[in-house]
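Here the protein sequences come in this chain order: E, X and G. If you count the first sequence from 1, position 97 lands on 176 in this note's numbering, and the numbers rise without skipping. If you count the second sequence from 1, position 220 lands on 301 in this note's numbering, and the numbers rise without skipping. If you count the third sequence from 1, position 32 lands on 558 in this note's numbering, and the numbers rise without skipping. Note that the Cβ used here is the ideal one computed from N, Cα and C, for glycine as well.
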Amino acid sequence: MIKGEHIDKFFGDLQVLNDINFEIKPSEVVCVIGPSGSGKSTLLRCLNHLERITSGKIYIDGELVDYRGNDKDLMKIEQHKVTELCMELGMVFQRFNLFPHKTALGNVTLSPMIVRGQNKEEAEENGRKMLEKVGLSDKADEYPSRLSGGQQQRVAIARALAMEPKIMLFDEPTSALDPELVGEVLEVMKKLALSGMTMMVVTHEMSFAKEVADRVIFMDEGIIVEEGPPSQIFGNPKKDRTKAFLARTNA
Amino acid sequence: MKKIIVVVLVLAFALSFVACGKGDALTVAIDDTYPPMEYVNEDGELVGFDIDMAKALGEEMGVEIEFISTGWDGIFAGLAADQYDCIISSVSITKDRMPNMDFTNPYLANGQVIMVNPADSSIATMADLTGKQVGVQFETTADYAAQKVYEEVGFEIVAFDDMTVCLTAMKAGQIDCIVADMAVAIDAVMKDSDAFMVSSVALTNEPIAIAVNKGNTKLVDDLNKALAAISDNGTLSEISIKHLSADYTQNIDTELR
Amino acid sequence: MSLNINQVLLFAKGTLTTLELTFVSMLIGTFFGLIIALGRISKSKILEKTTWVYVWVFRGTPLLLQIMIVYLAIPLMTKEIFGDAVKMSRFAAASIALVLNTAAYLAEIFRAGILSIDKGQTEAAKALGMTRRQTMVKVIIPQTYRRVIPPYANEFIMILKDTSLVSAIGLAELYRASEKLSSSTADWRYLFIAAAIYLLLTSVATQVFAYFEKKFSVYI
Chain E
80 MIKGEHIDKF
90 FGDLQVLNDI
100 NFEIKPSEVV
110 CVIGPSGSGK
120 STLLRCLNHL
130 ERITSGKIYI
140 DGELVDYRGN
150 DKDLMKIEQH
160 KVTELCMELG
170 MVFQRFNLFP
180 HKTALGNVTL
190 SPMIVRGQNK
200 EEAEENGRKM
210 LEKVGLSDKA
220 DEYPSRLSGG
230 QQQRVAIARA
240 LAMEPKIMLF
250 DEPTSALDPE
260 LVGEVLEVMK
270 KLALSGMTMM
280 VVTHEMSFAK
290 EVADRVIFMD
300 EGIIVEEGPP
310 SQIFGNPKKD
320 RTKAFLARTN
330 A
Chain X
82 MKKIIVVVLV
92 LAFALSFVAC
102 GKGDALTVAI
112 DDTYPPMEYV
122 NEDGELVGFD
132 IDMAKALGEE
142 MGVEIEFIST
152 GWDGIFAGLA
162 ADQYDCIISS
172 VSITKDRMPN
182 MDFTNPYLAN
192 GQVIMVNPAD
202 SSIATMADLT
212 GKQVGVQFET
222 TADYAAQKVY
232 EEVGFEIVAF
242 DDMTVCLTAM
252 KAGQIDCIVA
262 DMAVAIDAVM
272 KDSDAFMVSS
282 VALTNEPIAI
292 AVNKGNTKLV
302 DDLNKALAAI
312 SDNGTLSEIS
322 IKHLSADYTQ
332 NIDTELR
Chain G
527 MSLNINQVLL
537 FAKGTLTTLE
547 LTFVSMLIGT
557 FFGLIIALGR
567 ISKSKILEKT
577 TWVYVWVFRG
587 TPLLLQIMIV
597 YLAIPLMTKE
607 IFGDAVKMSR
617 FAAASIALVL
627 NTAAYLAEIF
637 RAGILSIDKG
647 QTEAAKALGM
657 TRRQTMVKVI
667 IPQTYRRVIP
677 PYANEFIMIL
687 KDTSLVSAIG
697 LAELYRASEK
707 LSSSTADWRY
717 LFIAAAIYLL
727 LTSVATQVFA
737 YFEKKFSVYI
């Protein structure tokens, strides 16, 4: 579903991603863990062009969507292709990024209406279904400012799902939440995983990774140090760096 | 530190008073946008008929002349408020003004004339102004004269704060003609005969004099004495010839029309 | 003091002209100001540079000068170059100068408003598949209304008072009315009447904008 080959990313002189090669199969749930600055968020953001890789190739659903060398486009990508790409990849952000001037329902229906061209009734019907999925049917007409952090993030998930993406990307979805609110979001994500959605989740929630992930990737300083099923990574890590990291986080 | 600031402020405050103190000079208000009577030339100097005359009077009276540049609107309010001693700024004697201020004897013959573009010879009297855009300086006797008849004759008055802006506006084609003092017209034609032509006889008779705050009879007397002196000894005529190419200072018609 | 009917009419006409000039320049100025603001943040180098120059010129020169240039210098220039002077009414000249000036100031106000919106909003919109234009129109700009109202109100009030400058080209607005009455009678009290009217107008404007600010903050 997602394939990354020899991905390098530089911010100026700082190399953030170093020869990353990875693959995510359909319906797989892959969790990416690692210390801050390891490049895991950057990797995620490169997939839907929020950041551009410096060199390497990215394939989504078998199609080459980014091919660069020395920070230059080696294939021209048109605007509408990028839009299509973004529609296939749903993204949930650490800081939710809900549209504050729209209600929860408004947030969920905005993109389907203007990007997919749905009319209001269609979009709202679908939108309410999405809100129900995340357990927030009764908050449809509330503005984000009146919702708790956990509720806002769930609306964000519903918003991303409303575009019917093939893959969902989560960029530290619970890192900005109070501990008591983390659970409700993880529940929604678990349900989503069980329903067969392909997911790539950057997270610090080790118990979630242990429980839900099919595969865990451990990154440090821009490289993939180790990857494998949760039983391996958490139970029997092969690399010393992995061991050291897990010891620090007490997982 | 605080003390120093206080001292500096007090000094600045005191100095400002000294700066605006009157001293012994005769303060004369002028609207310096009015060639050839009082204006600023290309070199940035204050020049004109009234400037030369005021200086001559000062010499005659044995006093320093201090010119105070002020806009035309408010020039009479300033006189009434004693902000200066007198106004020597092409002030026409009119019946309406007499209750509000005192005038010396007139020193320059004057009347309103119409200035047009030399290519346009159709305008000779106020009645010919129908449908035109007529420029005047705001709140001058030209303005009043135009106000009296514009509705009846059917023209639009465009009143400018500055005479110089008014002249430029005509050159730019924004207005069709100007009603102004004879002296202004003579000068404009002299300097730019391609753009200006006097097309009418004097429509009014309103000789020019010095305006003084009401009740200041001593100053009026002193000024009249000095005026008589420079008129007799030819200085006044010289000034007229210098700025207006002819002598308009003798045998002035004092009947107001 | 009491005013006779002619004086009241004079003030009324002047006030009307003041309001007309203010609304014309603010409405048209807002339209162009927004376009220029978008140009300022555009990815196109040409657009960015041209709009920068525009703002630099029209913020960097006095409004009075701009009014004079439009009314006098432009016709004189066109006369010299083309033989025929471009003619325009005083109201048109004043409006043009005011619009050009207002658009420059508003452009910077709008630009600041747009840039103040969190980057995450643009990212979320992009991740949902919105184009740059859709993002700007549906997500970013609506969020700027609330932030932009205080400086916008400021500009409105400034322009309302700055319309007094058009008296320099002979337009009869409120200040002119008081000029006229006070200079012909040497009575300074008319100036206070004009001041009171300006104050009334600006106060009403302030209240109206405060209402809108509240209205747009409903989701905060």
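Among the residues facing chain X, Gly540(G) is not included, as its CB has no counterpart in that chain under 7 Å away. Listed along the chain, the chain G residues whose CB falls inside 7 Å of the CB of Lys252(X) are Leu602. Residues of the region 218-230 of chain X with a Cβ closer than 8 Å to any Cβ of chain G, in chain order: Phe219 and Glu220.
One finds Leu654 and Gly655 in chain G with Cβ atoms closer than 8 Å to the Cβ of Met242(E), taken in chain order. At least 7 Å separates the beta-carbon of Asp113(X) from that of Ser171(X). Along the region 236-269 of chain X, the positions whose C-beta sits under 9 Å from a C-beta of chain G are Ile238, Val239, Ala240, Phe241, Asp242, Asp243, Val246, Cys247, Thr249, Ala250, Lys252, Ala253, Gly254, Gln255 and Ile256, read in chain order.
Counting only residues of its own chain and dropping the five nearest sequence neighbours on each side, Ile723(G) has a CB closer than 8 Å to the CB of Phe537, Thr541 and Leu700.
If you check each beta-carbon in the region 679-695 of chain G against every beta-carbon of chain X, the ones closer than 8 Å belong to Ser693, Ala694 and Ile695.
Approximately 5 Å separates the beta-carbon atoms of Met196(X) and Ala266(X); this is inside 8 Å, confirming the contact. Across the structure, Ala650(G) and Val234(E) are spaced so that their CA atoms are roughly 13 Å apart. For a Cβ distance threshold of 9 Å, residue set Arg124, Leu129, Met170, Phe172 and Asn176 of chain E lies close to Glu649(G), ordered along the chain. Between the beta-carbon of Asp87(E) and that of Leu96(E) there is about 6 Å, and that keeps the pair under the 8 Å contact cut.
Counted as a single uninterrupted DSSP element, the alpha helix (DSSP H) harbouring Thr222(X) occupies residues Thr222 to Val234. When C-alpha distances from Ile168(X) are compared across Ile322(X), Gly212(X), Phe277(X) and Ala135(X), the shortest belongs to Ala135(X). Shown here, Asn205(E) sits in a helix according to DSSP, grouped into three states.
For Arg715(G), the uninterrupted alpha helix (DSSP H) segment begins and ends at Arg715 to Phe742. Met182(X) is bridged by DSSP to Asn294(X). In summary, Trp153(X) is buried, with 16 or more beta-carbon neighbours lying within 10 Å of its beta-carbon over all protein chains present. Taking the Cα positions, Val282(X) is about 35 Å away from Ile146(X). Listed in chain order, the beta strand (DSSP E) runs fully inside the region 117-160 of chain E are 134-139 and 142-148, counting runs of at least 3 residues. Our two residues, Lys322(E) and Ser117(E), have alpha carbons roughly 16 Å apart in a direct line. Fewer than three beta-carbon pairs drawn from the region 275-293 of chain X and the region 637-644 of chain G are found closer than 8 Å, and the two stretches are therefore not classed as touching. Boundaries of the beta strand (DSSP E) harbouring Glu306(E): Ile302 to Gly307, taken from the DSSP string. With at least 16 other beta carbons inside 10 angstroms of its own, Tyr678(G) counts as buried. Beta-bridge analysis with DSSP links Met278(X) to Val197(X). The C-alpha of Val295(E) lies about 10 Å from the C-alpha of Gly113(E). Shortest Cα-Cα distance from Ser224(E) to any of Ile236(E), Val111(E), Pro244(E) and Phe175(E) involves Phe175(E). Between Glu163(E) and the set Ser216(E), His180(E), Lys212(E) and Leu143(E), the nearest pair of CA atoms involves Leu143(E). Around the beta-carbon of Gly301(E), 16 or more other beta-carbon atoms lie within 10 Å, marking it buried. DSSP places Glu243(E) in the coil class of the three-state scheme, outside both helix and strand. Residues of chain E whose Cβ lies closer than 9 Å to the Cβ of Pro668(G) are, in chain order, Phe178, His180 and Lys181. Beta-carbon to beta-carbon, Val270(X) and Val279(X) are separated by about 6 Å, close enough to satisfy the 8 Å threshold. Remark: C-beta atoms of Cys110(E) and Val280(E) approach each other more closely than 7 Å. Cα atoms of Lys252(X) and Val239(X): separation of roughly 14 Å, rounded to the nearest angstrom. Take the alpha-carbon of Phe172(E) and the one of Thr182(E): they are about 18 Å apart. Residues are counted here when their Cβ sits less than 7 Å from a Cβ of chain G; for the region 139-173 of chain X these are Asp154, Gly155, Phe157, Ala158 and Ala161, given in chain order.
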